[in-house]
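Colleague: Positions in the sequence shown are counted from 1; adding 7 to them yields my numbering.
For glycine and all other residues, C-beta sits at the position ideal for the given N, C-alpha and C.
The structure displayed is predicted, hence computed values, not measured ones.
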Amino acid sequence: MILNHLMGLYTHPKQEWHTIEKNHEALKSSLSHVLLIALIPAVCSFISSVYIGWNPGVGDPLFLTQKSALFMSTGMYFGLIAGVFALAYLAYWMAKTFDANPTYTQALELASYTATPLFMVGLAALYPTLWFVMLVGLVGLTYSVYLLYAGVPIIMNIPEEKGFIYASSMVTAGLVLLVGLMASSVILWSLGFGPMYQ
Numbered sequence: 008m009i010l011n012h013l014m015g016l017y018t019h020p021k022q023e024w025h026t027i028e029k030n031h032e033a034l035k036s037s038l039s040h041v042l043l044i045a046l047i048p049a050v051c052s053f054i055s056s057v058y059i060g061w062n063p064g065v066g067d068p069l070f071l072t073q074k075s076a077l078f079m080s081t082g083m084y085f086g087l088i089a090g091v092f093a094l095a096y097l098a099y100w101m102a103k104t105f106d107a108n109p110t111y112t113q114a115l116e117l118a119s120y121t122a123t124p125l126f127m128v129g130l131a132a133l134y135p136t137l138w139f140v141m142l143v144g145l146v147g148l149t150y151s152v153y154l155l156y157a158g159v160p161i162i163m164n165i166p167e168e169k170g171f172i173y174a175s176s177m178v179t180a181g182l183v184l185l186v187g188l189m190a191s192s193v194i195l196w197s198l199g200f201g202p203m204y205q
């Protein structure tokens, strides 16, 4: 089921959102989707940090110790999952403002499937050149935003005009969450949890 939705969201997103809306899944299905897809950036960044080396554009590639890369990849994995849950909670919380009445499972479906292209960008870490990862990341972010704007009116059962404002509010909240995750990383690094290079 997860892979069917995954392909559908890339090949015919609006129809796929309608399919997701008709056949609402159990919370377990959305949760398993998030847990599985969030592994992609975590595992790929671990492999590239330890075995391939990050190329910042000048100088030699940078390698992390296995322990440091494992710690950072684990933190990334749980941070991504927490971000999806926080975005789902925000979607659920904001719904009443836009005359929508979704369940938390619907909000989690919206957040998890919207985040999927961003998580798939993690595959780009297997070619760890900074400009390439940033370019692919921009494409993934753009597609995630498109999925959000396409999916909100369908999943939340509201008119497209309200859906546009609702989705714009979620994009803003998502950017705030992203900045919060980045700030948490900086704080952890300053407390001695930063990367250890080989």
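#1: Please state whether the Cβ-Cβ distance between L2 and L184 is less than 8 angstroms.
#2: Just to check my reading of the structure: S52 and A132 have Cβ atoms closer than 8 angstroms, yes? What is that Cβ distance to the nearest angstrom?
#3: Consult DSSP for T136 and reduce its assignment to one of helix, strand or coil.
#4: To which residues does DSSP link W61 through a beta bridge?
#5: Could you tell me the distance, in whole angstroms, from the CA atom of F171 to the CA atom of I59?
#6: Report the start-end ranges of each alpha helix (DSSP H) in the stretch 89 to 153 that is 4 residues or longer and not cut off at the edges.
#7: Taking all protein chains shown into account, decide if F85 is buried (16 or more other Cβ within 10 angstroms of its Cβ) or exposed.
Modeller: Checking against the coordinates, here is how it stands:
#1: Because residue 2 is not part of the residues shown, which for the chain are 8 to 205, the question remains open.
#2: Here the question's residue 52 lines up with position 45 in the sequence shown. Here the question's residue 132 lines up with position 125 in the sequence shown. The pair is a contact, with the Cβ atoms about 5 angstroms apart (cut-off 8 angstroms).
#3: Locating residue 136 in the sequence shown gives position 129, counting from the first residue. Three-state result, T136: strand.
#4: On the sequence shown, position 54 is the one that residue 61 refers to. Partner(s): L69.
#5: Translated into positions along the sequence shown, residue 171 becomes position 164. Translated into positions along the sequence shown, residue 59 becomes position 52. Answer to the nearest angstrom: the Cα atoms are 42 angstroms apart.
#6: 111 to 127
#7: Within the sequence shown, numbered from 1, the residue matching residue 85 stands at position 78. When all chains shown are included, F85 counts as exposed.
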